[in-house]
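There are 2 protein chains.
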Amino acid sequence: MRTALAAALLIMSTQESAPKVVSPEIGPDRQVTFRVLAPQAREVVLTGEFLKGPKPFTKTENGVWSVTVGPIDPEIYNYNFTIDGVRTIDPANPDVKTGSTPSTISSVLEVRGDRPAFYDPQAVPHGEVRTHWYASKSLQTTRRLTVYTPPGYDGNPQARFPVLYLFHGANADETAWYRLGRANLILDNALAAGASKPFIVVMPFGYGVPPNGPSRPGENTARFSQDLIEDVVPYIDGRYRTIADREHRAIVGLSMGGGQALSIGLSHLDLFSHVGGFSSGLGQASEFPKTYARAIADAAKVNRDARLIWIGCGNEDGAFPQSKSFSEFLTAHEIRHTFKETGGAHTWMVWRRYLKEIAPLLFKDAKGSDVQ
Amino acid sequence: MRTALAAALLIMSTQESAPKVVSPEIGPDRQVTFRVLAPQAREVVLTGEFLKGPKPFTKTENGVWSVTVGPIDPEIYNYNFTIDGVRTIDPANPDVKTGSTPSTISSVLEVRGDRPAFYDPQAVPHGEVRTHWYASKSLQTTRRLTVYTPPGYDGNPQARFPVLYLFHGANADETAWYRLGRANLILDNALAAGASKPFIVVMPFGYGVPPNGPSRPGENTARFSQDLIEDVVPYIDGRYRTIADREHRAIVGLSMGGGQALSIGLSHLDLFSHVGGFSSGLGQASEFPKTYARAIADAAKVNRDARLIWIGCGNEDGAFPQSKSFSEFLTAHEIRHTFKETGGAHTWMVWRRYLKEIAPLLFKDAKGSDVQ
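Following this line, the structure appears as structure tokens:
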């Protein structure tokens, strides 16, 4: 087993041996250099959320390819290398974005500014992120579920808290909102700044069908909705000190999860009072009257029951026309809501900001809350 | 922003569009086919823990390279593709192993057997995995820490529990023992089978210096040890219902973490009573008398205080001679311990089995425990 021996020796010696190729290397001027050792390659190309289009590498000495871009604004970005036509990650960067399908695999570039960002860990009280394995009766399987508890949750055993149900997008999973979205750190920081109330966040796995498998239109949301309402919400109310009523439940999602949050939320105002969709995957506008039949049947009731309907989308996002059409649809049916057009594309850069923006709007007028 | 639009449309349409290339594809006979679309490549090679050595792909039609291996025994394996000399992952497989350095990045192949394995989620009560962000005074930074609480922890607010401190290896991080090691599922299953007692598991980040940076010999373990003893243990005893005495603390690790667990544990039997090292990174045998000076100075006390000293290593592992030498060193100093030689190399396949094997040995004779 020469390979096993070699692997073991490599592991033993890693602290001594620096990697041959450093990538990405962030300069003091925030110019960023990417490198890859690929002596046999004929073409290496960089794509990334910090670029307007693909950028070719140049072959330098010893088979190392290199490209420098920037200065790049402080942010967290995804990027990929394409080596002779094969889209892959930066082999020298341990920070890899993963999800539930391969299309989401990217390397991650984090450019720091002079001060911590709103999504950085700061010297404030921190909440916890908990992973549960729960038995879904609806889907007849064991599934994972992520829960954020705010700072002080364990230390205040008498306090009860509102709950935000927060959904990821297509190709992602139940870890996305904290691993990529930094939801826990954004909320820790907002709470420490006095900008928002403390609440629990529940991040379920958004697929009720296999992420890459075939499914009928609407099947995924229907199955996910059943799991959410019949399994997840009772599981959470049974295990956490929630305030288990509609006034203290919000439902928000991004992309595919935005469509889920809006369609489930606006059809179940008996369960939820705050509803939000970020860059939502909403389907054809011609289907809105059917999907939102329950809401438009009694707009006055929606306006009475919904404390917040928040729809946001970046105007560089391919999904922007859908969000705009949906806002117009709600307006035509006299359903009050906030429609927020921002800059930005279909990226976590936008969604982290949206979470920061809506956090202060959640549960601010809720009655019966015994939170601080 | 054509790229943003294209990305958004891709995300919207993913449930409809199957990936062009399926990899890995596991046949009913457990033959596994790997594929990659690489029309421009001249050489594609597969390496993996299920192979004795590298295996070349064959170029088939439409630029797709393919190789079939097996049958492969049910297990969880790491593998990589090397395309024209660049070591990378399988671009069609969303299951990616990551860590704290790039050398650990691999794709993951999970071959299932006819029945669930000891590390699979089964229909048993499940514990939780919690991620904390804690302020380390020793290291003057905010660090992450993973904690497993056994099933029933939240439901039995009067019960207190022993604690296993469990360390990862080089290149890994504080998520490795549950993401790759399946520690939570192994312990859920052992507990459900009546094979072990319930205990909390604390999985800290094992680096006190940057994982890829330069450091003096011993510096990493010294800094990690200070963080463990002065920050982590008090943090855990302050937040969890632990039994906060040496009888109810175990310290175990693998590879680099095995060396940490043995050196810290055997020098701090005032804090820990059960000590274990899996495939441990122990350094030079000539250094043992210095590193373990405190233990060998009073072997009788060690034999009185240590409820378990467990050293295991696979005989195909490059680290095997170190573990064997260390066992001989303890024997020469008349320190009672278990030395377990098994098959296997330096892999998670071995470490998952070791955790299953030692779980029943932990806290079985502990006094003063009010656990079941």
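Same order as they appear, the protein sequences are chains A and B. Plus 279 on top of the position in the first sequence (first one is 1) and you've got our numbering. Plus 279 on top of the position in the second sequence (first one is 1) and you've got our numbering. The beta carbon of each residue, even a glycine, is placed where N, CA and C say it ideally should be.
Proximity of residue 479 of chain A to chain B, defined by a Cβ-Cβ separation below 8 Å, is not satisfied. Note that the segment 437–444 of chain B touches the segment 509–523 of chain B; at least 3 beta-carbon pairs, one per stretch, sit closer than 8 Å. Residue B:574 holds the alpha-carbon nearest to the alpha-carbon of residue 613 of chain B among B:390, B:574, B:635 and B:619.
A straight-line Cα-Cα distance of about 11 Å links residue 498 of chain B and residue 505 of chain B. Residues of chain A whose Cβ lies closer than 7 Å to the Cβ of residue 518 of chain B are, in chain order, 433. Secondary structure of residue 641 of chain B (DSSP, three-state): coil. Taking a cut-off of 8 Å for Cβ pairs, the segment 483–501 of chain B and the segment 387–398 of chain B do not touch, as fewer than three such pairs fall below it.
Residue 329 of chain B and residue 548 of chain A have their C-alpha atoms spaced approximately 52 Å apart. At a Cβ-Cβ threshold of 8 Å, residue 561 of chain B and residue 606 of chain B do not count as neighbours. Any Cβ of chain A closer than 8 Å to the Cβ of residue 497 of chain B would place that residue at the interface, and such an atom is absent.
Per DSSP, residue 512 of chain A is not a residue of any beta strand (DSSP E); the alpha helix (DSSP H) it occupies stretches across 512–518. Residues of chain A whose Cβ lies closer than 9 Å to the Cβ of residue 377 of chain B are, in chain order, 373, 374, 375 and 377. Between the alpha carbons of residue 539 of chain B and residue 410 of chain B lies a gap of roughly 22 Å.
The beta strand (DSSP E) runs lying completely inside the segment 396–474 of chain B and spanning 3 residues or more are 407–415, 420–428 and 442–446, given in chain order.
Annotation: the continuous beta strand (DSSP E) that includes residue 359 of chain A extends over 354–362. The beta-carbon separation of residue 362 of chain A and residue 362 of chain B, rounded to 7 Å, stays under the 8 Å limit for a contact. As computed with DSSP, residue 325 of chain A is found in a beta bridge with A:334 and A:360.
Take the alpha-carbon of residue 527 of chain A and the one of residue 398 of chain B: they are about 37 Å apart.
Interface annotation, residue 528 of chain B: not in contact with chain A, CB-CB separation never under 8 Å. Listed by position along chain A, the residues whose Cβ is nearer than 7 Å to that of residue 319 of chain B are 321, 363 and 364. With a cutoff of 8 Å on beta-carbon distance, residue 641 of chain A and residue 529 of chain A are scored as near each other. For residue 331 of chain A and residue 325 of chain A, the gap between their C-alpha atoms comes out near 11 Å.
A straight-line Cα-Cα distance of about 6 Å links residue 638 of chain B and residue 475 of chain B. For residue 530 of chain A, DSSP records a beta bridge to A:444 and A:554. With a threshold of 16 other beta carbon atoms within 10 Å, residue 467 of chain A meets it and is buried. The beta carbon of residue 320 of chain A lies closer than 6 Å to those of 362 and 363 in the same chain, with the five residues before and after it left out.
For residue 644 of chain A, the number of other beta carbons within 10 angstroms of its own is below 16, and it is reported as exposed. Of all residues in the segment 413–425 of chain A, only 413, 414 and 421 place a beta-carbon less than 8 Å from a beta-carbon of chain B. By alpha-carbon distance to residue 591 of chain B, the top candidate from B:379, B:585 and B:600 is B:600. By the rule that beta-carbons nearer than 8 Å mark a contact, residue 367 of chain A touches chain B. For residue 619 of chain B, the three-state secondary structure derived from DSSP is strand.
Secondary structure at residue 307 of chain A: coil, using DSSP grouped into helix, strand and coil.
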